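For the numbering used here, add 8 to where a residue sits in the sequence shown, where the first one is 1.
Taking it in order: structure first as structure tokens, then the write-up.
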Amino acid sequence: MLPRRAGSSVMAPIIVVLLAAALAADGPAAPRSATESATPVARWTEVSWPFSMDQWGTGRAFRCSAADCGSDVTVYVRPKIGFCNCTTGVADDEEMDRVGDVGLLSETYGPAGPGRAMPVGGLTGWTRDYVLGRRGDPAGTVITVAFSDQCNVMVATVVDAVGITPSVRARVQELLDGATILPWARAALGS
9 MLPRRAGSSV MAPIIVVLLA AALAADGPAA PRSATESATP VARWTEVSWP
59 FSMDQWGTGR AFRCSAADCG SDVTVYVRPK IGFCNCTTGV ADDEEMDRVG
109 DVGLLSETYG PAGPGRAMPV GGLTGWTRDY VLGRRGDPAG TVITVAFSDQ
159 CNVMVATVVD AVGITPSVRA RVQELLDGAT ILPWARAALG S
């Protein structure tokens, strides 16, 4: 048995309390400082599909207010069954230009730049920005996202009156990957 040091019985509880406090400060339950701001949760509200019926039918539309998304954002999503490259899905700008729904918003538009891969819920996907009307107006930029399974594609068109920011892109990805869209999209695509 080791000899006991004087005062060790008093120090042990103090050390335990200090260690517990240090661990709590680094843990998930630690309070935020006044300078940290929590990112508000995006609350998407389903609204009616505003476009006329065409060969692809209607889809679903969702809005996120400026209070939740930093600006008013609307996402239009619909399936196009049997309309994408059955081998590669939507994997390049040429296919995106063909399957996208930007034409619902404006007869005059063009690509803002090259697109990039953007998987949605494990499905092959592609995204590309387009400019509506005159060039150089960030409020006239929309995002199109297409994700596919076999020959079927789900197309999402994102409109933000202020301009598309990285935060808006992240919130749209969360919406598409989330429980509101993904199960419906998988069922519509037959995956």
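C-beta atoms are modelled at their ideal positions from N, C-alpha and C, and glycine is treated no differently.
Just so you know, these numbers come straight off a predicted model, no measurement behind them.
Consult DSSP for residue i and reduce its assignment to one of helix, strand or coil.
i, result
"THR131", "Per the sequence presented here, residue 131 reads as Leu, with Thr not at that position. In this structure, LEU131 counts as strand in the three-state DSSP scheme."
"TRP52", "strand"
"MET162", "strand"
"VAL180", "helix"
"LEU10", "Bear in mind that a pLDDT of 47 at LEU10, under 50, signals an unreliable position, so the number given afterwards is only what the model happens to contain. LEU10 falls in the coil class under three-state DSSP."
"VAL98", "coil"
"VAL110", "helix"
"ASP168", "strand"
"ASP76", "helix"
Here's a check: name, in chain order, each residue in its chain whose Cβ is nearer than 6 Å to the Cβ of residue i, leaving out the five neighbours to either side.
i, result
"GLY97", "THR132 and SER156"
"SER79", "ASP168 and VAL170"
"THR82", "ARG71 and VAL167"
"GLY130", "none"
Given a threshold of 16 other Cβ atoms within 10 Å of its Cβ, counted over all protein chains shown, does residue i qualify as buried or as exposed?
i, result
"GLU102", "exposed"
"ALA193", "buried"
"ALA75", "exposed"
"ASP62", "exposed"
"ALA164", "buried"
"GLY111", "exposed"
"CYS92", "buried"
"ALA196", "buried"
"VAL49", "exposed"
"CYS77", "buried"
"VAL55", "exposed"
"GLY90", "exposed"
"ALA29", "Bear in mind that the predicted position of ALA29 carries a pLDDT of just 37, short of 50, making it unreliable; the figure below should be weighed with that in mind. That one is exposed."
"THR95", "exposed"
"PRO39", "At PRO39, the pLDDT of 40 sits below 50, so the modelled position is not reliable; the number obtained from the coordinates is stated separately. With fewer than 16 other Cβ atoms within 10 Å, it is exposed."
"ARG136", "buried"
"GLY198", "exposed"
Since residue i sits in a beta bridge, which residues does DSSP pair it with?
i, result
"ASP185", "Paired residue(s): none; ASP185 is not in a bridge."
"ILE89", "Bridge partners of ILE89: none, in fact."
"SER156", "THR132 and VAL161"
"PHE70", "GLU54 and VAL83"
"ARG194", "Paired residues: none, contrary to the question."
"ASP62", "Note: ASP62 sits in no beta bridge, so no partner."
Going by beta carbon distance, what residues of the same chain come within less than 8 Å of residue i, once the five residues before and after it are set aside?
i, result
"GLY141", "SER114, THR116, TYR117 and GLY148"
Where do the N-terminal and C-terminal ends of the alpha helix (DSSP H) with residue i fall, by residue?
i, result
"VAL107", "101 to 107"
"PRO119", "Premise fails: PRO119 lies in the beta strand (DSSP E), 117 to 119, not in any alpha helix (DSSP H)."
Given residue i, which residues of its chain have a CB within under 7 Å of its CB, disregarding the five upstream and five downstream residues?
i, result
"TRP64", "ARG86 and LYS88"
"PRO122", "ASP101"
"SER73", "ASP80"
"ILE189", "VAL85 and LEU183"
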